[in-house]
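Peer 1:
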Amino acid sequence: MKKMLANAYTLDNAETTKAFYDDWAGSYDEEVSENGYVTPKRCAEALAEFVDDPSLPILDIGCGTGISGQALKEAGFATIDGCDFSAEMLARADQKGLYRNIFNTNLEDPFPFEAGIYANLAAIGVLNPGHAPASTLDAIMSLLDPGGLFVFSLNDHALEDKTYEARLNEHVDTGSAALLFREHGPHLPQIDLGSNVYVLKKL
Ligand SMILES: C[S@@+](CC[C@H](N)C(=O)[O-])C[C@H]1O[C@@H](n2cnc3c(N)ncnc32)[C@H](O)[C@@H]1O
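Be aware that the sequence shown starts at 1, since it is given in our numbering, and climbs by one per residue.
Below, the structure is given as structure tokens:
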């Protein structure tokens, strides 16, 4: 198996990150599974606690090979679209037959979706330095209609970069969103890495 996890936290721009995931696509599922990757399940279960109708469409942002989509499905979400900028990761996601639609999108570009198309949103293991900056939170929240929910994670590396939580707090402090859930727990337990899971509600 091609082992790449140890290098995932040294990426510093979108181009190298995209090439890195294209290269990792063939062994990603096996390597993160053997390291106990549990954040997708934690996120999906946290979101399911607050969603009244899990049949409504949800967009899995940075869906990768579909591990996050699988967790959303197992938590009861029935209509899942996925987007990512790695064609190789998306090809694996497509093979799993979990997603209604799959889109190749870069989080550094404006989303090609109208606001309100998705009732709820997820970005699981995606908001990281070198992947997507804290301002991505604003772009994601602007896709939701009031009442829509956004579940996401920040791993311990992303938590060290204070810009992500600062942006989150700004949404809450200015009354554009309410924080329904925040919990620290395991992310990749075999490498002793944790993550926070958040559920934000657009107001
Ligand atoms: C750690 S993986 C998580 C994948 C999936 N959500 C999961 O939980 O297994 C991060 C994903 O984010 C994607 N990604 C990183 N930066 C991105 C960007 N700027 N635009 C779109 N996708 C991006 C990568 O291609 C990769 O598939």
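We put the beta carbon where it would ideally sit given N, CA and C, even for glycine. In this text, all values refer to a predicted model and were calculated from it rather than measured experimentally.
Between I102 and D94, which are expected to be in contact by the criterion C-beta below 8 Å, what is the C-beta distance as a whole number of angstroms?
Peer 2: That belief holds up - the Cβ atoms of I102 and D94 are roughly 5 Å apart, short of 8 Å.
Peer 1: Between A139, M89, A46 and L179, which lies nearest to L107 when the distance is taken from Cα to Cα?
Peer 2: Checked all of A139, M89, A46 and L179; the closest Cα to L107 is A139.
Peer 1: Verify the contact flag: Y21, CB atom, against every heavy atom of ligand 1, threshold strictly below 7 Å.
Peer 2: Flag set: Cβ of Y21 near ligand 1.
Peer 1: Output needed for R42: all residues of its chain with C-beta closer than 7 Å, excluding positions within five of it in sequence on either side, in chain order.
Peer 2: Excluding residues within five positions, the ones whose Cβ falls inside 7 Å are G185 and V197.
Peer 1: For ligand 1, any of its heavy atoms closer than 7 Å to the Cβ of H184?
Peer 2: H184 Cβ: outside cutoff for every heavy atom of ligand 1.
Peer 1: Just to confirm, does S68 get its C-beta within under 7 Å of one of the non-hydrogen atoms of ligand 1?
Peer 2: Yes.
Peer 1: Please classify G125: is it buried, with 16 or more other beta-carbons within 10 angstroms of its beta-carbon, or exposed?
Peer 2: Buried is the call here.
Peer 1: So is the beta-carbon of M4 under 7 Å away from any non-hydrogen atom of ligand 1?
Peer 2: No, since every heavy atom of ligand 1 falls outside the 7 Å radius drawn around the Cβ of M4.
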